[in-house]
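Heads up, the sequence shown is in my numbering, so the first residue is -11 and it goes up one at a time.
Think of the CB as a built atom: it goes at the ideal place given N, C-alpha and C, for glycine as much as any other residue.
Every value quoted in this text rests on a predicted model; they were computed, and no experiment measured them.
To start, the structure itself, in structure tokens.
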Amino acid sequence: MSDKLFFIITGYFYIISLASIVLTIYDKQCAISQSKRVRERTFFVMALLGGSVAMYITMLAVRHKTRRIKFMLGVPIIIAIQCLAAYYIYTFIL
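Spelled out as structure tokens, the structure:
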């Protein structure tokens, strides 16, 4: 893999991870203040786009969405699928 591609991919995951962290903390603050909340679908879209690890760690750190089985199982399943996809791409394509 070229250095340029590596930096593009790394930058992408950095931005998506940061956005996932901000989204999770923002929704936690909205929950506390009983403001309008972020849709659950938005969380899963961000996780699917690559922010799953950062989102899961943030969820555990700020204790947000930890009572919802949909999130406590769904996000780790997305992480596992992404790890398998990354392994496949790295092994067979690159």
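Could you name the residues of the same chain whose beta carbon sits closer than 8 Å to that of residue i, not counting the 5 residues immediately before and after it, in chain order?
i     : result
Thr30 : Leu11
Val26 : Leu11, Tyr14, Asp15 and Cys18
Lys58 : Glu28
How is the alpha helix (DSSP H) around residue i delimited, first residue to last?
i     : result
Phe80 : Segment: none, Phe80 is in no alpha helix (DSSP H) and carries neither H nor E.
Val26 : Premise fails: Val26 is in no alpha helix (DSSP H) and is neither H nor E.
Ser8  : Asp(-9) to Ser21
On the CB-based measure, 16 or more other CB atoms within 10 Å of its CB, does residue i come out buried or exposed?
i     : result
Ile81 : exposed
Thr79 : exposed
Ala73 : exposed
Ala42 : buried
Look at the alpha carbon of residue i and the alpha carbon of residue j, and state the distance between them as a whole number of angstroms.
i       : j       : result
Phe32   : Val50   : 18 Å
Met60   : Lys53   : 8 Å
Tyr44   : Ala7    : 13 Å
Ile66   : Met34   : 11 Å
Thr(-2) : Lys(-8) : 10 Å
Ser23   : Phe1    : 29 Å
Cys71   : Arg55   : 25 Å
Tyr76   : Ser21   : 43 Å
Might you give, ordered along the chain, the residues of its own chain that have their beta carbon closer than 6 Å to the beta carbon of residue i, omitting 5 neighbours on each side?
i     : result
Ile9  : Ala42 and Thr46
Ser5  : Gly39 and Ala42
Gly62 : none
Can you give me the Cβ contacts of residue i inside the same chain, cut-off strictly under 7 Å, excluding the 5 residues immediately before and after it?
i     : result
Leu36 : Ile66
Exercise for review: At 4 residues or longer, and completely inside the segment 34 to 76: list those alpha helix (DSSP H) runs for me, N to C.
Suggested key: 40 to 50 and 57 to 76
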